[in-house]
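K.L.:
My questions all concern the structure below.
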Amino acid sequence: MGKIVNKRDLAQIIGVSERTLTEWQREGMPMVLASGRGSSNQYDTAAVIAWRIAREVNGAEKESQKDRLDRLRGDQIERQMAVDARELIPSAEIAPALGQFISDAVALITGIPDKYAPIIEAAGSLDAQHAVLEDAVDEIRQLLGSYEFRDRPDNGPATEADASAAQDQPR
Numbered sequence: 018m019g020k021i022v023n024k025r026d027l028a029q030i031i032g033v034s035e036r037t038l039t040e041w042q043r044e045g046m047p048m049v050l051a052s053g054r055g056s057s058n059q060y061d062t063a064a065v066i067a068w069r070i071a072r073e074v075n076g077a078e079k080e081s082q083k084d085r086l087d088r089l090r091g092d093q094i095e096r097q098m099a100v101d102a103r104e105l106i107p108s109a110e111i112a113p114a115l116g117q118f119i120s121d122a123v124a125l126i127t128g129i130p131d132k133y134a135p136i137i138e139a140a141g142s143l144d145a146q147h148a149v150l151e152d153a154v155d156e157i158r159q160l161l162g163s164y165e166f167r168d169r170p171d172n173g174p175a176t177e178a179d180a181s182a183a184q185d186q187p188r
């Protein structure tokens with residue numbers, strides 16, 4: 018058995034506010050004497066400390082509604098700050114640009130047979146044909162790797178002319 022104390026003394030011993038102790042009482046913190054309004058409750062320090070340890074060990078520490086609201090507001094503020102700093106981009110902004118990138122990539126890849134079929138045919142040996150195909154892959158990597166996203170993604174769908182222009186860019 019520990020020392021029997023009032024709420025003020027218990028708050029000082031444990032290092033929490035009296036308001037926190039009131040919340041803990043509602044959550045089942047042990048009391049030696051529950052005096053009701055206007056009178057001082059009595060607490061056994063050993064029992065209260067054991068109760069706190071058991072809650073911590075068992076994960077019974079519940080987040081209060083206020084704590085949850087504060088945490089959610091903090092999360093919301095952090096997300097907004099990340100958006101403002103352009104560290105986090107809303108999907109509504111990225112989806113059109115990514116869709117345009119994919120359309121342009123498909124247009125580029127669709128033009129490969131017309132561009133490389135005659136070169137492969139003229140290459141002759143299998144090693145030369147393999148080298149031509151490696152060049153095609155390198156060209157695609159370079160073009161897609163240096164792709165510049167447009168400020169206004171709604172410039173219309175990629176056309177075969179876009180694919181030709183993309184293929185004609187210097188390497």
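Numbering (the numbering used here), first residue to last: 18 to 188.
From the three backbone atoms N, C-alpha and C, an ideal C-beta is built for every residue, glycine too.
The model shown is predicted, which means the values in this text are computed figures rather than measured ones.
1) Determine the closest residue to Ala63 out of Asp152, Leu27 and Ala114, with distance taken between C-alpha atoms.
2) Where DSSP assigns a beta bridge to Val22, which residues make up the other side?
3) Check the DSSP bridge columns for Leu50 and list the partner residues they point to.
4) Taking 9 Å as the threshold (C-beta atoms), are Leu161 and Ala112 in contact?
5) Distance, Cα to Cα, Gly128 vs Ile157?
6) Classify Val65: buried if its beta carbon has 16 or more other beta carbons within 10 angstroms, exposed otherwise.
7) Can you tell me where the alpha helix (DSSP H) with Val33 in it begins and where it stops?
P.N.:
Answer, in terms of the structure:
1) Answer by Cα proximity: Leu27.
2) Answer is Tyr60.
3) Note: Leu50 sits in a beta bridge opposite Gln59.
4) With contacts defined as CB atoms closer than 9 Å, Ala112 and Leu161 fail to qualify as a contacting pair.
5) Rounded to whole angstroms, Gly128 and Ile157 show a C-alpha spacing of 11 Å.
6) With 16 or more neighbouring CB atoms inside 10 Å of its own CB, Val65 falls in the buried class.
7) First-last for Val33: undefined, no H or E at that position.
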